[in-house]
Amino acid sequence: MSIWEYANPRKFLATTEPFLPWVFGAAGLCLGVGLIWGFFFTPDDYRQGSTVKIIYLHVPAAMMAINAWIMMLVASLIWLIRRHHVSALAARAAAPVGIVMTLIALFTGAVWGQPMWGTWWAWDPRLTSFLILFLFYLGYVALWEAIADPDTAADLTSVLCMVGSVFAVLSRYAVNFWNQGLHQGASLSLDREENVSDVYWQPLVICMTGFGLLFLALVLQRTGTEIRLRRAQALRARTERAQA
Amino acid sequence: MMPDLGRYAGPVLAAYGFSLVMLIALVWASARRARRVARELALVEQGRDG
């Protein structure tokens, strides 16, 4: 059995749909446990006070905003190389989810930054590259909507996705490239000195898992929707041609 | 039950409120669109078969 069998739309739907309620359920459970644990049962940080509780939303959302774009890049490359329509539709399906994740990361970052840094926004390398990534997301969705021919739209959005990947990578590593700006380095690190304190680590990992599962569930569901929409359009076009 | 968020209650509650509203809206909109498209496809297939 090959992984490319799942590029068949029928096979994709038949395989993924039975799992969807379970993935949504697992996402809800992880998010519920992680957020309740983090919000109600973790102490304030000695420097940041209660604003440290924003970490359970900001870090997972930022992580998924970047990972969503990387997933779209992989799906776009599969489309460009192997011309599997499901991969192009999966990339399209992931974009609105990525937009929401990016918005959450930007908003929670701003409300966290104001009391900690004294400003809502700074033209810091990580923040700036994240904002550009958000604009790329909007451009990606707009490009899909603007082009009538689905294959041409998939080609052009795939190229846009490759260009935007520079900013997805920069969003994650900008702090390492340029040792300047207000934003600190990674919250999770193998280096115990850099890693977030143990008391915050466990609920944070649960929240990150929850965001990851929610992303997976939404992308599978939305890809199924795109497949059905494409089929409905194709059937309608076929009927119109037959009647003409 | 509600933890004492001190002087940062505003930013913390705003972050949680905004994020939860966005996530719930995303799930709701995705489910609504999925149902609408499934219905649309069923109608097209029905018209084609019938």
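First to last, the sequence lines map onto chains V and H. Numbering-wise, this note's numbering puts 163 at position 163 of the first sequence, and it's gapless, one number per residue. Numbering-wise, this note's numbering puts 31 at position 31 of the second sequence, and it's gapless, one number per residue. Positions of the beta carbon are idealized from the N, C-alpha and C atoms, including for glycine. Quick caveat, the model's predicted, so the values are computed rather than measured.
| query | result |
| --- | --- |
| Within its chain, find whatever has a CB closer than 6 Å to the CB of V:A272; leave out the 5 residues flanking it on each side and keep chain order. | Since the first residue of chain V shown is 1 and the last is 244, residue 272 of chain V is not available in this structure. |
| Looking at the structure shown, is V:D151 part of a helix, part of a strand, or coil, going by DSSP? | helix |
| Identify the continuous alpha helix (DSSP H) that holds V:I54 and give its terminal residues. | Counting along the chain, V:I54 falls outside any alpha helix (DSSP H), and DSSP gives it neither H nor E. |
| When DSSP labels each residue in this structure, what does H:G17 get in the three-state scheme? | helix |
| Closer than 8 Å is the cut-off here; do at least three beta carbon pairs connect the region 103 to 115 of chain V with the region 30 to 38 of chain V? | no |
| Please classify V:K53: is it buried, with 16 or more other beta-carbons within 10 angstroms of its beta-carbon, or exposed? | buried |
| Please check if any C-beta of chain V sits within less than 8 Å of the C-beta of H:R32. | no |
| Check whether chain V comes within 8 Å of H:G17, counting only Cβ atoms and requiring the distance to be less than that. | no |
| Among V:A237, V:R172 and V:D155, which one has its Cα closest to the Cα of V:A75? | V:D155 |
| Under a Cβ-count criterion, where at least 16 other Cβ atoms within 10 Å of its own Cβ denotes burial, should V:I3 be classed as buried or exposed? | exposed |
| Going straight from the alpha carbon of V:W123 to that of V:L143, what length do you get? | 27 Å |
| With respect to the alpha helix (DSSP H) encompassing V:F215, which residues constitute its N-terminal and C-terminal limits? | D198 to Q243 |
| May I have the straight-line CA-CA distance separating V:F215 from V:A68, to the nearest angstrom? | 8 Å |
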